[in-house]
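Below is one structure; the comments refer to it alone.
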Amino acid sequence: MPTVVVMDVSLSMTRPVSIEGSEEYQRKHLAAHGLTMLFEHMATNYKLEFTALVVFSSLWELMVPFTRDYNTLQVVLVTDGCLGIGRGSLRHSLATHNQRSESNRFPLPFPFPSKLYIMCMANLEELQSTDSLDCLERLIDLNNGEGQIFTIDGPLCLKNVQSMFGKLIDLAYTPFHAILKCGHLTADVQVFPRPEPFVVDEEIDPIPKVINTDLEIVGFIDIADISSPPVLSRHLVLPIALNKEGDEVGTGITDDNEDENSANQIAGKIPNFCVLLHGSLKVEGMVAIVQLGPEWHGMLYSQADSKKKSNLMMSLFEPGPEPLPWLGKMAQLGPISDAKENPYGEDDNKSPFPLQPKNKRSYAQNVTVWIKPSGLQTDVQKILRNARKLPEKTQTFYKELNRLRKAALAFGFLDLLKGVADMLERECTLLPDTAHPDAAFQLTHAAQQLKLASTGTSEYAGYEHNITPLHTDFSGSSAERM
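In UniProt numbering, the protein residues as written are 1 to 482.
What follows is the structure in C-alpha cells.
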C-alpha cells in the first residue's frame, strides 16, 4: 500500500547525539539517515510504490505529494518521542481528544484503512523514563491497533538506526517473490503489492491465511465464463529475470543509469514464461486459475492500462471450496477432454456455465442478478419501454421499477437510482403533445421517489417500501397523491 512518511522536525529533534570517533550528530540527522535507507530500499524493490513526505513541528508542510488518490495508506511517523508542553502538544491533544468538536477532531483514527508505524529516535529506557511510550502506544490503539512502535536498541548511532529501520523493512516492505508454475514451465515473479494475510472468520478460524510462494496454474477458463467475480485484492505479477548464478538481473542499486539500462536490456532478452503466459491470455481471451493454498484460488489475466500497454494481473478469491457459485466446486472442474461431449458444443457456441442447481425449487424465485453489464442494461431498458407506453403499462412499469429499486438498495447501488431518476425526468421532457397527461405525472412521481430512495436517509428509502402509482384526477385542475 502507498506510504506517507511524517517526520518530526521540532526543536527537540535538534538535540545532539555523541557518536564516538565521529562528528556530532543531531537526532534529525539520524532520522534522515534511516529514511534514506528506507527510500533506497523502496526505489530498488518497490519501484511501483508511491510515497509522500510530510515534515512537521508546530506547523506542517507537505514536501512530496502523492500523484493520485488512495483508499488505503501506510503511515510512518518519525519522532524522538517528546510530547511537548501546553496547549497543542501531543500530551494535551490525547487528554482532550474526546472533548473536541467534529471540525477540530483529533486525526486518529484516520478516516481510511491504514497502518501506523512509529520510528523513535530514542531507546526504550529513555521513553520509559517518562510517559512518552504510553502516549505513543495510545496512538496505535486509537488507530484500531493497526501498527507498531520501533525503538533504537542500545546507544543512539547510525548503525543502530539502520538496524531499527531494517526491522521496519522486514515487517512491511519485504517484496513478495514467488515461483509461477504451469506443468514443466516456471517463472520467478514478484507480486505487487505484497498480498496481506487474510482472516476468514475471527471466531471460527482466527489463524490468518497466507498465499503460497509456489503459485501453480491448475487450469484455464474463458473470460465470459468467469465474468466479473468478487475478489479480495488485485496484484501486479512482474517477471524477475535471473542470471546463471541465481542473482536478480536489473534489480540491484547501480552507479549510473547506463548500468541500469544495460541490465534491463539483458533481462529483456531472456525468455520468460511469465511473458508467454501474459501474451497467450491476452490473445485467447482467457484467464488462468491459480492455486494459492489449500482450498484457496485466484485468477491470472491480462488487464490493459491503455490501447498499447497491458499487464499480467492476479486477483485473489475468498478462501473456500466454492468461491464462485456459478462455476461450482473448484476441485470438480476439469479439462474438456475428460467430458463425454464437448460442453461448449461442436462450434464453441455455448457454455456450461453458470451451473444449474441440481434440485429445482418448488416456489417461484424472482432474484435480480447483475453479473454482466448486459443484465443491468436490459432491466433499465425494460423500465424505459414501459414508461413510453404509460398509462396503459402503469402496473408493469411500477412492477419493474420496484424490482430494480430493491436490487439497487440490496447491492448498495444508490447511484443507479439517481441515474434512473434522471432518465425518467428526461423521458418526461420528451413526451409528445399527444401523450396522455397521466404519463407526465407518473414519470415525475417515479423520479422523485427514486431520488428519495437514493439518499438512503428518507422514510421512502426502506427496502420493504414499494413505489405505488400516483392517483390523479383530471376532471379538475389538481392532482394529488394518495
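Note that beta-carbon positions come from the ideal geometry of N, C-alpha and C, so glycine has one too.
Boundaries of the alpha helix (DSSP H) around Pro-373: 373-387. In this structure, Pro-197 sits away from Val-189, with a CB-CB distance that is not shorter than 7 angstroms.
Your pair Phe-273 and Leu-185 checks out as a contact, with CB atoms roughly 4 angstroms apart and the cut at 8 angstroms.
Bounds of the alpha helix (DSSP H) holding Ala-446 are 437-455. Contact check between the stretch 431-438 and the stretch 386-402: three or more CB pairs, one atom from each, fall below 8 angstroms, which counts as touching. Taking 7 angstroms as the cut-off, the beta carbon of Val-75 is found no closer than this to the beta carbon of Met-119. Beyond the five residues adjoining it in sequence on each side, Leu-156 comes within less than 6 angstroms, by CB distance, of Val-17 in the same chain, given in chain order.
Assigned with DSSP and collapsed to three states, Phe-397 falls in helix. In the DSSP assignment, Gly-219 forms a beta bridge with Ile-289.
Among the bridge pairs identified by DSSP, Ser-114 is matched with Leu-73. Look at Asn-402 here: in three-state DSSP terms it is helix. The three-state reading of DSSP puts Cys-82 in coil, since its state is none of H, G, I, E or B. Annotated three-state conformation of Ser-12 is helix, per DSSP. Taking the Cβ atoms as the reference, Thr-151 lies roughly 5 angstroms from Leu-124, within the contact range of under 8 angstroms. Contiguous beta strand (DSSP E) elements confined to the stretch 308-350 occur at 310-316, taking only those with 3 or more residues. A contact is defined here as three or more CB-CB pairs under 8 angstroms, and the stretch 272-288 meets this definition with respect to the stretch 297-312. For Thr-186, no alpha helix (DSSP H) segment is defined; the enclosing uninterrupted segment is the beta strand (DSSP E) at 185-192.
According to DSSP, residue pairing for Phe-150 in a beta bridge involves Met-119. In the assembly as shown, Ser-337 is an exposed residue. Its beta-carbon has fewer than 16 other beta-carbons within 10 Å.
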